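Visitor:
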Amino acid sequence: MNNTVASFKAVIELDSAEVASALVRALAPETEIKLRGVRSEIRLIDDSAIEIAVEAPDYSAFRAAVNALLRLTSSTLELIRELSGSLP
Numbered sequence: 052m053n054n055t056v057a058s059f060k061a062v063i064e065l066d067s068a069e070v071a072s073a074l075v076r077a078l079a080p081e082t083e084i085k086l087r088g089v090r091s092e093i094r095l096i097d098d099s100a101i102e103i104a105v106e107a108p109d110y111s112a113f114r115a116a117v118n119a120l121l122r123l124t125s126s127t128l129e130l131i132r133e134l135s136g137s138l139p
């Protein structure tokens, strides 16, 4: 992205490959939405770790995108915990 003002990258290590894969599948549709020049990506980086990356052309869009993805990640992990009991 040529007009990137802010970027964020986080690696989250999870307890199992199943949880990591479920999280990526659940959040992938959110990264396909392209609003206000924001680019985001979520991917598996090994069996039980994911990487979330966000690039944005301004700080307001950046903050909104990062907050949204982190909230969705937290909510999804909580749901996985409730449904499967696979997280401590």
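Letter by letter, the sequence shown follows residues 52 to 139 in our numbering.
Quick reminder that beta carbons are idealized off the backbone N, C-alpha and C, glycines included.
Remember, predicted model here, so these are calculated numbers, not experimental data.
In this structure, how does DSSP classify Asp66 when only helix, strand and coil are distinguished?
Guide: coil
Visitor: Quick check on this structure: which residue in Asn54, Leu121, Glu83 has the alpha carbon closest to the alpha carbon of Lys60?
Guide: Closest option to Lys60, Cα to Cα, is Leu121.
Visitor: Hey, which unbroken runs of the beta strand (DSSP E) at 3 residues or more fall wholly within the region 90-128?
Guide: 90-97, 100-107
Visitor: Tell me which same chain residues have a C-beta within less than 6 Å of the C-beta of Leu65, skipping the five on either side of it?
Guide: Result list for Leu65: Ala71, Ser99, in chain order.
Visitor: Among residues of its own chain, excluding the 5 on either side of Pro108, which ones have a beta-carbon nearer than 6 Å to its beta-carbon?
Guide: Asn54, Val56, Gly88
Visitor: In angstroms, rounded to a whole number, what distance separates the CA positions of Ile96 and Ile131?
Guide: 20 Å
Visitor: Here's the rule I'm using: 16 or more other beta-carbon atoms within 10 Å means buried, otherwise exposed. How should Met52 be labelled?
Guide: Residue placement at Met52 is poorly supported in this model, since its pLDDT is 45, which falls under 50; the coordinates still yield a value, given next. It is exposed - the Cβ of Met52 has fewer than 16 other Cβ atoms within 10 Å.
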